[in-house]
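Residue numbers (our numbering): 109 to 188.
Beta carbons: idealized from backbone N, C-alpha and C, even for Gly.
Take a look at the structure set out below.
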Amino acid sequence: MKLNNIDNIMNKIDDELIQGCKRFLDEMNRVEQEKKKKEEEERIASEKREARRNYWAQKLYSDKSQGMTIIIPENSKLKK
């Protein structure tokens with residue numbers, strides 16, 4: 109009787125351990141998918157920003173008659 113009870117307890121512990129591992133792996137997969145999604149969104153946003161910068165730079169330099177001087181302060185992030 110005791111041997112059967114010990115086997116049941118061990119099986120229960122094994123099942124709980126397996127379920128915990130499955131939950132952990134599911135959570136890891138979810139986090140990885142969210143990370144990939146965020147990286148893709150950031151990449152697309154970066155490409156859009158670059159395209160806007162290129163567009164406005166082209167506009168600024170293509171029309172010399174409407175050109176202007178832009179003064180950038182020394183501590184500006186644009187100086188980098």
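Non-local beta-carbon contacts of K145 in its own chain, meaning distances under 6 Å to residues more than five positions away in sequence, are absent. Straight across, the Cα-Cα distance linking V139 with K110 is about 43 Å. Annotated three-state conformation of N183 is coil, per DSSP. For the pair E158 and N183, the Cα-to-Cα distance works out to about 22 Å.
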